[in-house]
Structures are given as C-alpha cells and as structure tokens.
Amino acid sequence: MDLTEKESGVSQSQTACKQAHFLRDVIFHGKFQLLKSLTPEENTQCRQGLFFQDGRRRVDYILTYHIKKSSRAGGSRLRDNAFTRTLRRGRPAPAADPERGPDPSAEHHEHQDRDKALRRAEFENSLLEMGLELERDEETKTPGVGFVKIHAPWNVLCREAEFMKLKMPTKKVYEVKHRSGVMEKINAFISKLTDPLHPNLEENRTQKVKHLSYPFSREKQHLFDLSDKDSFFDSKTRGSIVCEVLKRTKCTKAKFSMGITSLLGSGVYLAAYPLHDGDVEGENAEPNDRKLLYEEWASYSVFYKYQPIGLIRKYFGEKIGLYFAWLGVYTQMLIPASLVGVIVFLYGCVTVDDDIPSMEICDQRRNITMCPLCDRVCSYWNQSTACGTARASHLFDNPATVFFSIFMALWAAFFMEHWKRRQMRLNYEWDLTGFEDEEEALKDHPRAEYEFRVMQKSLRTDHKSQKPEKEKLTCKDRFPAYMTNLIMMLLMIGVTFAIVFGVILYRISTKAALAMSSNPMTRSNVRLTVKTTAAIINLVVILILDEVYGAVARWLTVLEVPKTDKSFEERLIFKTFILKFVNAFTPIIYIAFFRGRLGGRPGSYLYVFESYRMEECAHGGCLMELCIQLSITMLGKQLIQNNLFEIGVPKLKKLIRYIKSKRRSFQEEEYEKKLQRYETDHFLEPFAGLTPEYMEMIIQFGFVTLFVASFPLAPLFALLNNIIEIRLDAKKFVAELRRPDAARSKDIGIWYNILRGVAKVAVIVNAFVISITSDFIPRLVYQYMYSPDGSMHGFVNHTLSYFNVSHFQNGTAPLEPFHLGFRVEICRYKDYREPPWSQTPYEISKEFWAVLAARLAFVIVFQNVVMLMSDVVDWIIPDIPKDISLQIHKEKILMMDLFMKEEQGKTRTEDSVTSEEMRHGPLTRSRSISHTPCPTY
258 MDLTEKESGV
268 SQSQTACKQA
278 HFLRDVIFHG
288 KFQLLKSLTP
298 EENTQCRQGL
308 FFQDGRRRVD
318 YILTYHIKKS
328 SRAGGSRLRD
338 NAFTRTLRRG
348 RPAPAADPER
358 GPDPSAEHHE
368 HQDRDKALRR
378 AEFENSLLEM
388 GLELERDEET
398 KTPGVGFVKI
408 HAPWNVLCRE
418 AEFMKLKMPT
428 KKVYEVKHRS
438 GVMEKINAFI
448 SKLTDPLHPN
458 LEENRTQKVK
468 HLSYPFSREK
478 QHLFDLSDKD
488 SFFDSKTRGS
498 IVCEVLKRTK
508 CTKAKFSMGI
518 TSLLGSGVYL
528 AAYPLHDGDV
538 EGENAEPNDR
548 KLLYEEWASY
558 SVFYKYQPIG
568 LIRKYFGEKI
578 GLYFAWLGVY
588 TQMLIPASLV
598 GVIVFLYGCV
608 TVDDDIPSME
618 ICDQRRNITM
628 CPLCDRVCSY
638 WNQSTACGTA
648 RASHLFDNPA
658 TVFFSIFMAL
668 WAAFFMEHWK
678 RRQMRLNYEW
688 DLTGFEDEEE
698 ALKDHPRAEY
708 EFRVMQKSLR
718 TDHKSQKPEK
728 EKLTCKDRFP
738 AYMTNLIMML
748 LMIGVTFAIV
758 FGVILYRIST
768 KAALAMSSNP
778 MTRSNVRLTV
788 KTTAAIINLV
798 VILILDEVYG
808 AVARWLTVLE
818 VPKTDKSFEE
828 RLIFKTFILK
838 FVNAFTPIIY
848 IAFFRGRLGG
858 RPGSYLYVFE
868 SYRMEECAHG
878 GCLMELCIQL
888 SITMLGKQLI
898 QNNLFEIGVP
908 KLKKLIRYIK
918 SKRRSFQEEE
928 YEKKLQRYET
938 DHFLEPFAGL
948 TPEYMEMIIQ
958 FGFVTLFVAS
968 FPLAPLFALL
978 NNIIEIRLDA
988 KKFVAELRRP
998 DAARSKDIGI
1008 WYNILRGVAK
1018 VAVIVNAFVI
1028 SITSDFIPRL
1038 VYQYMYSPDG
1048 SMHGFVNHTL
1058 SYFNVSHFQN
1068 GTAPLEPFHL
1078 GFRVEICRYK
1088 DYREPPWSQT
1098 PYEISKEFWA
1108 VLAARLAFVI
1118 VFQNVVMLMS
1128 DVVDWIIPDI
1138 PKDISLQIHK
1148 EKILMMDLFM
1158 KEEQGKTRTE
1168 DSVTSEEMRH
1178 GPLTRSRSIS
1188 HTPCPTY
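Counting from 258, one number per residue, gives the positions in the sequence shown under the working numbering.
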C-alpha cells in the first residue's frame, strides 16, 4: 500500500470515528475525546492501554459495561485488526423473519439496554462536569465488553487531594535521629548481619532524612515540590482519588439517585477498577512497581527475605500494606515459638525411656488384665498391648508442656505488643498520625445493595409522601433479615454438632466391626485405624463446611443490607468467625474435654440409641488422640484449603472467563500480546477484600495458641505454612487479582480485638487441657499424696479400678471369655472407683475428689498467674517506641516553625505594601498590584 492509500484509509477511518463519536455525544450528552492519528511512540504507549489515544494522559481508572456484539461493526477505533475482522466474518447478521412477530423478551432486553445506556450517559456526563476526562473504547478484543477510560487532570487531583486531606511530602526535610551510644552500635551490627535478608530496593536503605508531610492544600502549593507534576501523585493515589469522585457522583435526573455502587449492582456497569502499572513478565515489560513487586516479593526464590512493606503500601495502599506487615510480624514471631516447641517435643523424645508410668504399662511381667473396650465382640486384653500408645502420649504429655503453655501465653502478649509498636512505626513512616477523622468520613458511602433497597422502598411509598432522598432502612425493614440470621446461625451450629455426633457413631461402630475381624493385624491396630480415619473424615467435613459457611455468612450479611462497606465488613467478619471457629474446633473440644468422661463404667455403661456404647480414651489418655486430630486438621487445612485452593481456584476462574469470552478460539500467547492493559486486567479475578486472608490466619492463630499444650509442634507447622502463604498471597495480589482500590487505614481494625480475645481464651483452654485432658495433675497428686516413696512407681495401678466380671449386664459380656488363655474373674479399668468388695462398690472414691480439687485449683492458679504475667508484659512494653514519639513531636515543632516563618513573611510583605501606599497613594498601589503576575506552581 502506498502513502496516498494510507492517508486515504486514515482519513476515512477518522471521518467514521468522528461521526460515531458525534452521534454518541448527541445521544449521551457526553464530551468524549475524539480519536486521532498517532505517532509511533504514542501508538506504542497507547497499545499498552496505560494512556489515552493522545499518548500523554494516563488512564487512572476503568469502567466496563456490556455492549451488543453487533454494535462493534461500526467502531470508534482507527485501527482494525485480525481479531475483529474474523469476528465479523464468522458472525453473519441474522435475517429478519417477516412472518414472526416481535419478540417480547427481545423488546424487554432492548428497553433495559437503552435504560442502562441512558444512565451511563448521565453518570459519565456528571463525571465530565466534575472535571474528569473520559475516553470510550468499544472496539476491543473482548467481545461484548466496552471500556470507559478515566483520567484525572491536575486541577481535579489537587481539589480532591485537599478534600480528602491527603498528606503529601513538602519541600522541608529534616534529619531522622537514630539511637545513640551502645544501642546504635547494636542496631548497626544487626542491620549489617540482616542486610542479605532485605529486598534489593532503594527504600530499604537507612533513611537519614525525611520529608515533612502536610495535608495537601491548593493555597499552600508552594510548600510542596511540584517540579514534576506527573509523578507528584503516584498511580495508587490517582486511582483512589478517582474512586472517591466516582463514589460521590450521582445520577440525579433519574427517578432515584444512583451512585457508582448502585450502577454496578444493577448491571449498568460490569466492573470498576484502577489499572495495574504494567506487565510483570516478558521481554517488553518495562520497569514498574508491579514488576518490582513480582521479582522481589512474589517469587519463591526470595522466601527468606523480608517483605518490601513500603513498596506494597505504595502500590496497594495502607490497608493491604498493614495486612502484609501484620502477617510478616506474626510469621517472624513464630520463629522463637517454633524453636521452643521443637525443644519441648525433643525433651519428650529423650525422656520417654525414663518415664516410669509408661515403663510400667510396657512391662509384660505385670500382666494386668483390662476390661473389654466394647460389648460382646471385644474381649479382655493385656495392658502391655497399649505400650506404643503410652510411649507416644509421653511425647506430648510431659512436664515441659506446662512450661510451653505458659510460654505461649506470654508469647501471645509479646506478639500483640510487638505489633502495636510496629503499627505505630508504620503510621509514622506512612504519615498516618491523626488519621481517625478522615478514615471515618471516607466510609460513609452507601453500598449498592443499600441504595437499591432504598429505591425499592421508595417505589412502594405513596407519591404524595414520597421523599426518596430522605428514605432509609429501619429496624422494622430489617427485622425479617435479623430473624433469618438468628435461625440460620443456630441451624449451622446445630449442623456442626450433628456432624461431630455422626463421626462419634462412626468411631463406635467401626471399632466394633474391626474388633470382629479374623485378621489379627486388623484387631491389633483397631484404635489407630479408627483415630486416623475419623480425623480425616473430620478434616473433609471441615473443609466442605468452611466453604458452605463462608457463603452462608455472606448471604446472611447481604440480607441485612448494611449501609456502608465498613458495617458490611464487620458483620460479615463476626458471622464468618463464629461459624468457622465452631466448625474447626468443635471436634477438637469434644476429644479434649468430653470423650471418655461420659461412658460410664463396666456393668453400667452409657449407650447411644440403646446399642452404641460411648467411646473411651486409650489407656495413655485422650491427649494422643487430641494431638492426631489437631495435626491432621491443621495440616490438612493449610495444605489443601489455604494453599491448593488459593492456587487452583483463581486459575480455574480465569480459565472459565477465558472460555466465556471465546478466547480459546485463538492462539492464547499471540492474543495476550495484543491485549490492552485494561483488557488484561478485566480478565483478572476481582478483589474480594481481606476478610478471607485474615480469617485464615486467625483460625491458624487459634490452632497455635488454644491447644498448644497438646501439640507443641503447631507453631512450627504454622511457620512453614506462612513462609509459603506470604509468597502465595503476594503472587495472587500482583498477578492474579485486579488492582484493588487503595484504602487508607491506620490499624488492622476488628481483627486486633479478635486476636486479643483468642489469646485470652487460649489461657483458659490450655489450663483445662493440662488439668483435665492430660495426666499432669493426677501424677502430681499421686506423687505428693499417695506414693509411699515420693516417686511415680505404682501410679498406673493407683489409677486403675477393679471390676468383677460376674457383674456385667445381660448380653454385654465378651463372647470369647478365654481369649487370653485363662478364665478372668477380675478385670481393671481406668477410673477412681471403689472395688467390688467394698461396702460401696463401684462408687466414686475419695481419690477422685482429691484429684478433681487439684485440677480446679490448678485451673484457677494457672489462669490468674498467666493473665497477670500477660498484663505485666502489656504494661511494661510501651505501645509507641520512644524514638517514634520523639520524631512525631519533632515534626509538630518543625511544622509550627514553618508556618510561623510563612506568617512572618506575609506580615513583612503587607508592611512593605502599606509603606509603599503611604508614599505613592492608593492608585499606585492598585496599579502595582494589578501588574503583579499570579504565581504559578
């Protein structure tokens, strides 16, 4: 094609483009930018989708909407490509059928499309009146989707930054003084040692100076360095400013006022999101913050390095930055807890051969005959066959676990205090001090569902008393939703209890069935088989119910129709936490505190459905079974739910979106290269909030603290999971999700209170685990009250009661009474009861009451001592680091000095003008002022 033909083609395309835009402007009253021919450099930038068609104005935000596929034939883009030509060739226009009448459903859909188009036109015209600049793109490679690109010019950025009270760095810098003396040398030495652990970023270099920050003001622009206006507001800030404008802009010409949230909820727009900065992979990927995050944060090769928290905050905003900072602090604090937990476990391994009770159980010469574990099909058995269980129980049930429980309670207190100090340091570095008022003001925007319900309520009101702008939802409107919430929450908790009861029945029936097996290997491993399979069943049920409960909690919260996003988030967190906490810990609580204590005794067992005897603990106690349940549940949740789901689900959803958009009909790699940035981001998973991320870690925190007395390796497993979790989340946020709207926040909100609550409950739970579930208290009572020589010799015999086999209930005696090769007349069982030859046979003995009193006393002492120690830790460690407190005070003084100098300068200027007026008269003054040029910034 020669030059003339090219010019002719461009001219025709421009003419068609201008006509299309002119018609659209007439219909929609819009003022969209007309497209024009581009230079090669501008075209390259434009093709990436980060700029408008002029190649200069950056795209700050994107709105997407549904368009009819047939409307793409005209087009408003200059260039035509193979993709669109193929679509037009492969999709002929449907022929009209004169015999068939008009389709009512088609007319209805067409009416809806026109209504949505009018609402879009009004909203976009309002955005133009707000000062934003828009550009429409319907000739994309994404069938059925149109894009509105939004750019915020400098005057809008300044206006909104002042309205939002955004703190921006001023020209004034001051020296950040670090600790002096010995502490400075220690910090310098530690910094030198940990230098390889820091990401390769400039921000990690020790900053000796800091810019003084001040809320942006157009009247005080001279305070700020505006030499480069394009970079003064970064992409995160520009996106948040546009998002704020979108939330405030309303469609007022329609019958009901509708904002962007309502427009998204009613399908007028499909999505609204800020753009990612660029590509993360590929030869043509230009350097940008997203690419830097992908390389220095989202890569598994840097798992041993600290997170670039400053860069995360710069790209995603303070709220997401605080989450990853908290996750990093939590993971870092798990290191000492893991080390101590491993030491406690190794202590149990080393001392297992010296444990006298387990040695007595394993001594075959003692030949203690135990009562049957189930009715009829189970026979008598020797206590020495429980040797393996007793030795394994000592690994987790030893004196060191008491120390570890106290340590973990103090660890939780130290963790809370360390996070508060870290949070204050980040508030100072991110200029978030004094932020509370702005934070509350920004969260008052009504949600889409709330506005929609208000609109429906207004439709039902009488026209005479109709006041749409004053309508709101009352408690009466929400009463059915509140009742539904209460009933459904109770029902879901009841489902959890029912499933736990079902697993109990499975264990009882399976144990009886395996005991009847003819295979001796099967009979010898009945307990281990039943424990493991039941724990796996519990895990599968927990994973399934977690997903169900998450969906139910969201559905119930939507029914309540909270007004603001903050209210919605808090209600959702409360419901989700209650349901998932009950789901995860109900089976564990049953094993720890109820199993083996409701079964009765030989001759008087407690039955379920008159045929299933309640289960008992193994001879070594229920702690080993509790440990198995904890380990399988915790590891399963972390490996399957937290990791595999997080990797697989986003990729599966992305694949489904690809298939829906018919992208599979083309070569994907070639297709990806031609996509604009905003098209690529459209196919990413929408950001669903931080609630799932926090919830996942809170449940893990519960596993680490609540039952740590029975599972000292829990912190180690949590640490290993979190090392992977951080990089998984990083990759998800950088590469799998659309860029979230940057939200400001100075703390982690309600999650901190939940953490404190879990830490307090953990002290009580561990006190009961040590006193009731483990044999720690019975051993102490025997050693100091009943042992003839103050040792543990004879402890096992002391905990066993006697039973005369002739006292079995009818039909419950073993079918094979000679299973051991001799006739059994007396068998033993674990309990504190009187022997059959006493005056009160099988009644609870005085030893039981002594042990019970010691157990309750231990709970009270342990709880109060540990909580007192935690409060002491809380009191000793200040919430604000001393150096940060001094720096904040210094900033206030410097700011006051800055304004004092500014006022003095203004005073001198006014004095000079006054003296000039006195010499030359008011006319000269006014003339001189009129010729003074206005300052430009």
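Here a beta-carbon is modelled for each residue, glycine too, at the ideal position from N, C-alpha and C.
For this session: Could you say which of D1131, T1030, Y1039 lies nearest to V659 if we only look at CA atoms?
Result: Sequence index remark: in the sequence shown, residue 659 carries index 402 (1-based). For the residues D1131, T1030, Y1039, the minimum Cα distance to V659 belongs to T1030.
Exercise. What are the uninterrupted segments assigned as alpha helix (DSSP H) that are 4 or more residues long and contained completely in the region 460-527, given in chain order?
Worked result: As far as the region 460-527 is concerned, its whole alpha helix (DSSP H) runs of at least 4 residues are 486-489, 492-505, 517-522.
For this session: Mind checking who I319 pairs with in its DSSP beta bridge?
Result: By one-based count along the sequence shown, residue 319 stands at place 62. Residue pairing by DSSP puts I319 in a beta bridge opposite K406, Y530.
Problem set entry | T890 versus K832: straight-line alpha-carbon distance, rounded | Mapped onto the sequence shown, residue 890 falls at position 633. Mapped onto the sequence shown, residue 832 falls at position 575. In this model, T890 and K832 are separated by some 22 Å (Cα to Cα).
Exercise. With distances taken from CA atoms, which of R393, F446, A810, L375 is nearest I319?
Worked result: Mapped onto the sequence shown, residue 319 falls at position 62. The alpha carbon of I319 has as its nearest neighbour, out of R393, F446, A810, L375, the alpha carbon of R393.
Exercise. When DSSP labels each residue in this structure, what does S774 get in the three-state scheme?
Worked result: Position 517 of the sequence shown, counted from the first residue, corresponds to residue 774. Note: S774 maps to coil in three-state DSSP.
For this session: Please determine, among R858, W676, S868, C732, the residue with the shortest C-alpha to C-alpha distance to S766.
Result: Locating residue 766 in the sequence shown gives position 509, counting from the first residue. The candidate whose alpha carbon is nearest that of S766 is S868.
Problem set entry | Same chain, Cβ closer than 8 Å to L384, five either side skipped, listed in chain order | One-based indexing of the sequence shown puts residue 384 at position 127. Only L391, I407, V502, L503, T506 meet the Cβ criterion.
Problem set entry | Beta-carbon proximity check, V1108 vs P1045, cutoff 9 Å | Working through the sequence shown from its first residue, we reach residue 1108 at position 851. Working through the sequence shown from its first residue, we reach residue 1045 at position 788. Their beta carbons are not under 9 Å apart, which means V1108 does not touch P1045 by this criterion.
For this session: In the DSSP assignment, find the alpha helix (DSSP H) that holds M1049 and state where it starts and stops.
Result: Stepping through the sequence shown from its first residue, residue 1049 is reached at position 792. Looking at the DSSP string, M1049 is not in any alpha helix (DSSP H), and its letter there is neither H nor E.
For this session: Taking only the alpha-carbon atoms, compute the straight-line gap between I204 and G959 and give it to the nearest angstrom.
Result: For the chain, the structure presents residues 258 to 1194; residue 204 sits outside this window and is missing.
Exercise. Given P410, which residues of its chain have a CB within under 7 Å of its CB, disregarding the five upstream and five downstream residues?
Worked result: The sequence position of residue 410 within the sequence shown is 153, counting from 1. For P410, where only same-chain residues beyond five positions count, the Cβ hits under 7 Å are G388, E390.
Exercise. What's the C-alpha gap between V586 and W676?
Worked result: Here residue 586 corresponds to residue number 329 of the sequence shown, with the count starting at 1. Here residue 676 corresponds to residue number 419 of the sequence shown, with the count starting at 1. Cα-Cα distance, rounded: 7 Å.
Exercise. What's the C-alpha gap between G578 and I569?
Worked result: Position 321 of the sequence shown, counted from the first residue, corresponds to residue 578. Position 312 of the sequence shown, counted from the first residue, corresponds to residue 569. Between the alpha carbons of G578 and I569 lies a distance of about 6 Å.
For this session: Can you have a look at S1002 and say buried or exposed, based on whether 16 or more other CB atoms are within 10 angstroms of its CB?
Result: For the purposes of this step, residue 1002 is taken as the residue at position 745 of the sequence shown. Looking at its Cβ environment, which holds 16 or more other Cβ atoms inside 10 Å, S1002 is buried.
Exercise. Which runs of the beta strand (DSSP E) spanning at least 3 residues fall entirely within the region 851-890, listed in chain order?
Worked result: Complete beta strand (DSSP E) runs here, min 3: none at all.
Exercise. Three or more C-beta pairs closer than 8 Å, one from the region 942-949 and one from the region 821-837: is that the case here?
Worked result: At 8 Å Cβ cutoff, the stretches touch.
Problem set entry | Minimum C-alpha distance to Y526 - residue among P1098, I1027, T321, D487 | As a working mapping, residue 526 is identified with position 269 in the sequence shown. Of P1098, I1027, T321, D487, the residue nearest in Cα terms is T321.
For this session: Note down, in chain order, each residue of its chain lying with its Cβ closer than 8 Å to the Cβ of P943, except the 5 sequence neighbours on either side.
Result: The residue given as residue 943 occupies position 686 in the sequence shown. These residues qualify, in order along the chain: A528, Y530, L994, R995.
Exercise. Can you give the Cα-Cα distance for S662 and F964, rounded to whole angstroms?
Worked result: Here residue 662 refers to the residue found at position 405 of the sequence shown. Here residue 964 refers to the residue found at position 707 of the sequence shown. S662 and F964: Cα-Cα distance of roughly 9 Å.
Exercise. Who does T427 pair with in a DSSP beta bridge?
Worked result: Translated into positions along the sequence shown, residue 427 becomes position 170. Beta-bridge partners assigned by DSSP to T427: F481.
For this session: Use the C-beta contact count for H368: other C-beta atoms within 10 angstroms, 16 or more gives buried, fewer gives exposed.
Result: Within the sequence shown, the letter at position 111 stands for residue 368. Burial call: exposed.
Exercise. To the nearest whole angstrom, what separates the beta carbons of T843 and T753, a pair I think is in contact under 8 Å?
Worked result: For this step, residue 843 is matched to residue 586 along the sequence shown. For this step, residue 753 is matched to residue 496 along the sequence shown. The beta-carbon separation of T843 and T753, rounded to 5 Å, stays under the 8 Å limit for a contact.
For this session: Go ahead and pull the three-state DSSP assignment for K548.
Result: Counting from 1 along the sequence shown, the entry for residue 548 is found at position 291. If DSSP states are grouped into helix, strand and coil, K548 belongs with the helices.
For this session: Quickly, what does DSSP pair C1084 with across the bridge? List them, please.
Result: Along the sequence shown, one-based indexing puts residue 1084 at 827. Note: C1084 is bridge-paired with F1060 in the DSSP secondary-structure output.
Exercise. On the three-state DSSP scale, how would you describe F653?
Worked result: Numbered from 1 along the sequence shown, position 396 holds the residue referred to as residue 653. Helix.
For this session: Spell out the partners DSSP gives W638 in its beta bridges.
Result: Locating residue 638 in the sequence shown gives position 381, counting from the first residue. Answer is M627.
Exercise. Opposite E392 in the DSSP bridges: which residues?
Worked result: Within the sequence shown, residue 392 is the residue found at index 135, counting from 1. E392 is bridged to K406.
Exercise. How would you call Y1039, buried or exposed, if buried means at least 16 neighbouring beta carbons within 10 angstroms?
Worked result: Numbered from its first residue, the sequence shown carries residue 1039 at position 782. Around the beta carbon of Y1039, 16 or more other beta carbons lie within 10 angstroms, which makes this residue buried.
Problem set entry | Span separating the alpha-carbon of I956 from that of C508 | Locating residue 956 in the sequence shown gives position 699, where the first residue counts as 1. Locating residue 508 in the sequence shown gives position 251, where the first residue counts as 1. Going by the C-alpha atoms only, they are around 43 Å apart.
Problem set entry | Buried or exposed by the 16-neighbour rule on C-beta atoms within 10 Å, applied to M740 | Residue 740 sits at position 483 when you count from the first residue of the sequence shown. With fewer than 16 Cβ atoms within 10 Å of its Cβ, M740 is classed as exposed.
Exercise. Out of P859, S824, F968, which has the shortest C-alpha to C-alpha gap to C884?
Worked result: Position 627 of the sequence shown, counted from the first residue, corresponds to residue 884. Closest by alpha carbon: F968.
Exercise. Are there three or more Cβ pairs, one per stretch, closer than 8 Å when the region 769-779 is compared with the region 850-864?
Worked result: Result no; under three Cβ-Cβ pairs closer than 8 Å.
Exercise. Would S636 pass as a contact of L1057 if the rule is Cβ separation under 9 Å?
Worked result: Position 379 of the sequence shown, counting from 1, holds the residue named residue 636. Position 800 of the sequence shown, counting from 1, holds the residue named residue 1057. No, the pair does not count as a contact, with Cβ atoms beyond the cut-off.
Problem set entry | Nearest neighbour of Q478, chosen from T494, R622, P426 [CA to CA] | Residue 478 sits at position 221 when you count from the first residue of the sequence shown. Here the closest residue by C-alpha is P426.
For this session: Look at the alpha carbon of N1023 and the alpha carbon of L887, and state the distance between them as a whole number of angstroms.
Result: For this step, residue 1023 is matched to residue 766 along the sequence shown. For this step, residue 887 is matched to residue 630 along the sequence shown. Their Cα atoms are separated by approximately 14 Å.
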